[in-house]
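Peer 1: Pasting in a structure now, in structure tokens, and then I'll have a few things to ask.
Residue numbers (the numbering used here): 44 to 219.
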């Protein structure tokens, strides 16, 4: 029988990979111009959200168990500066690097690591709570990416899940 800690880590990896997949599918539909579009002057573009996710994931998950999750090299304020031009390829490299850091760190954890104390911005918490914080934070921003992409693409948007009016035809083939 599998213990709850192992089941938890497997579940967390599944949920993060699912969030990444939604983001991947949304980003695949966008052009260089689309990634820097904003619906208003005080809104963040998809490029800014990806920059922020990259900075956050790299900071939180690099040396997750052994160093403060708020690294001195992180420039959080800089993450929110709109790029002058859209460069989707560079953005996707940041996207992939951030996710690789996050997934790699979680894959390296053992069930015994979940109750270890870690530090984020000088605040002590256990690793399980830090994972839960990220499980709330990262998919929140992925949802923003998906919503902005859907707004930008309008009628050409390709749905990422069950299309409207198609629920009765949906037969789950895997855990959702």
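Each residue gets a CB set at the ideal place from its N, CA and C atoms; glycine is no exception.
Fair warning: this is a prediction, and the values are worked out from it, not measured in the lab.
Go ahead and label residue 155 buried or exposed: buried means 16 or more other beta carbons lie within 10 angstroms of its beta carbon, across all protein chains shown.
Peer 2: Under this definition residue 155 is an exposed residue.
Peer 1: What is the C-beta distance between residue 150 and residue 73, in whole angstroms, given that I count them as a contact (C-beta under 8 Å)?
Peer 2: Contact doesn't hold; Cβ gap of about 29 Å is too wide.
Peer 1: For residue 122, count the other beta carbons within 10 Å of its own beta carbon; 16 or more makes it buried, fewer makes it exposed. Which is it?
Peer 2: Looking at its Cβ environment, which holds 16 or more other Cβ atoms inside 10 Å, residue 122 is buried.
Peer 1: Taking the alpha carbon of residue 71 as the point to measure from, which residue in 179, 128, 212 and 132 has its own alpha carbon closest?
Peer 2: Measuring from the Cα of residue 71, the nearest candidate turns out to be 132.
Peer 1: Within the 8 Å Cβ cut-off, does residue 186 reach chain B?
Peer 2: In the structure shown, chain B cannot be found, because there is only a single protein chain.
Peer 1: Can you check DSSP and say which residues form a bridge with residue 167?
Peer 2: BP columns for residue 167 point to 162.
Peer 1: Could you tell me whether the region 187-196 touches the region 75-95, where touching means 3 or more Cβ pairs closer than 8 Å?
Peer 2: Flag = yes, the region 187-196 and the region 75-95 touch.
Peer 1: Is residue 150 a contact residue of the ligand NAD, with contact defined as CB to any heavy atom under 7 Å?
Peer 2: Absent from the structure shown: the ligand NAD. Ligands present: none.
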